[in-house]
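Protein chains: 2
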Amino acid sequence: MYEIFQKYLDDKVTLTQSESDYIQSFAIIKKLRKRQYLLQEGDIWKYDAFITKGCLRTYSVDEKGSEHVNSFSIENWWTGDRESLLLQQPSRFNIDAIEDSELVLFTHENFEMLCHEIPAFNNMVNGILQKSFIAAQNRIQASLSFTAEEKYLNFITKYPGFASRIPQTMIASYLGMTPETLSRIRKQTAKK
Amino acid sequence: MYEIFQKYLDDKVTLTQSESDYIQSFAIIKKLRKRQYLLQEGDIWKYDAFITKGCLRTYSVDEKGSEHVNSFSIENWWTGDRESLLLQQPSRFNIDAIEDSELVLFTHENFEMLCHEIPAFNNMVNGILQKSFIAAQNRIQASLSFTAEEKYLNFITKYPGFASRIPQTMIASYLGMTPETLSRIRKQTAKK
DNA sequence: CAAAACACTTGATCTAGATCAAGTTTTTAC
DNA sequence: GTAAAAACTTGATCTAGATCAAGTGTTTTG
């Protein structure tokens, strides 16, 4: 499964063969079965994780016991808890697999070392962070100014394909509404 | 006013005198009077901007004409529209001054060049981006799981001092509620 | 320093979406 | 293959917060 990550790298940066091999030498392959956890609340996250196959969700649980989905991550994207990683503090999130999944992990130490030693790799990582930040900004924007229906329509145009592989309950939670509301919205919009 | 930025830099990174001077040689000082715009919707943002004095707000206007405050930025913090800057596309945001303000600007070209030539500067910039991302994540978290009252209490503990210098209408918009609701919440919480 | 513009408060009413409840359909697991 | 567990739908009712409206207080500006 490392080939998927290799392909991603080749697509994003130009590396010498020895740099590629060097990166690969630190990669840890991890398989997760559906419902299995990658990170549990309270643990400190220590990796940089790339998904080569499958779909994961990051969520938190509030005092009343309700789950709030923070994000979905699928193949060819990254996951983890940056706050826990950066501040080395217990995570407030859980990350688990929605489907059987496969990941390539790097311990953060190794990852930082790679960033330091391979400037092109470092630039790629910064680019990813930029894009993540912009996506987060847009999500805030949507949550402030959209109605429930607009949020859903925005979601399916922005992430086509997600709706078919992720349970509606989780999508509803991600969008900040109840499953019942999402169900009704879908019925409405299907008509049109 | 450049001294404020100089102090910020000295606090964050170790630079040689010539590096410091080099950075300063690209700085553009900009003053804004209250209500003056730094960026208007439709324009392409081309700077990296540090605030040495004052307070700015980033907001968008939806089709119905309502304003949605995206963020507040005060002295010793950065502002701008990363999406417009990175993708070189017209901004969906307006940025204006809530108070008379002073900024240090760098054209993005110069800023990138500085990042490239001074690794320590680049690391500082990446650190800022990390923190911004984490803050955005937390804001999403809050908007999904908090009640209006919880959002307000979270805001005043996270940003003490903001409440006294920013009009309530804008804070309400930032928190995703109406000014009336915020007014009632403040009355409630004042009692306790 | 007056009056217009803006910012905040308070009350009455309304509504989008939540909650509660009881199905039906789909998936999972032995 | 079937029983139990999840996931989804639909209806009835409720409520947090929005909207509308009519004040009062406070800046801003000529």
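Chains as they are written, first to last, in the numbering used here: chain A, 960 to 1151; chain B, 960 to 1151.
Note that CB positions come from ideal geometry on N, CA and C, so glycine has one too.
| Item | Value |
| --- | --- |
| Rounded separation between Y967(A) and S1019(B) - CA only | 35 Å |
| For Y1018(B): DSSP bridge partner residues | V1028(B), N1053(B) |
| C-alpha distance - I1093(B) paired with K1090(A), whole-angstrom precision | 13 Å |
| Contacts of Q921(B) in chain A (Cβ-Cβ under 8 Å) | With chain B covering 960 to 1151 only, the question about residue 921(B) has no answer from this structure. |
| Residues that R1041(A) contacts on chain B, provided the C-beta gap is smaller than 7 Å | Q1089, F1092, I1093 |
| Per-residue burial, D980(B) [other beta carbons within 10 Å of its own, 16 or more giving buried] | exposed |
| Residue(s) in a DSSP beta bridge with Y1111(A) | In the DSSP output, where bridge partners are listed per residue, Y1111(A) has none listed. |
| Which of helix, strand or coil DSSP assigns to E1061(B) | strand |
| Distance CB(T1038(A))-CB(I987(A)) smaller than 9 Å | no |
| Same chain only: Cβ atoms within 8 Å of F1114(B), ignoring 5 sequence neighbours per side | F1121, A1122, I1130, Y1133, L1134 |
| Interface flag, I1099(A) vs chain B, CB-CB below 9 Å | yes |
| Strand pairing of T1116(A), partner residues [DSSP] | According to DSSP, which records beta bridges pairwise, T1116(A) is partnered with nothing at all. |
| Spatial distance of V1028(B) from Q1047(A) (CA atoms) | 31 Å |
| At least three beta-carbon pairs within less than 8 Å, the region 1054 to 1061 of chain B to the region 1100 to 1117 of chain A | no |
| Beta-carbon gap between L998(A) and K989(A) smaller than 9 Å | no |
| Contact under 9 Å by Cβ, I1057(A) with N1035(A) | no |
| Residues that H1027(B) contacts on chain A, provided the C-beta gap is smaller than 8 Å | Q1100, L1103, S1104 |
| F1102(B) vs L1103(A) beta-carbon contact at 9 Å | Note that residue 1102(B) is Ser in the sequence shown, not Phe. Taking 9 Å as the Cβ cut-off, S1102(B) and L1103(A) qualify as a contacting pair. |
| As assigned by DSSP and simplified to three states, the class of T1148(A) | helix |
| Short CB-CB distance (under 9 Å) between G1024(A) and chain B | no |
| Short Cβ contact (9 Å threshold) for A1095(B) with L1141(B) | no |
| 3 or more residues per run - each beta strand (DSSP E) lying fully within the region 960 to 984 of chain A | none |
| Cβ neighbour criterion (16 or more within 10 Å) applied to K1146(A) | exposed |
| L1045(A) versus E1022(A), E1071(A), L1015(A), K1023(A), residue with shortest Cα-Cα distance | E1071(A) |
| Pairwise C-alpha distance: Q983(A) and L1015(A) | 23 Å |
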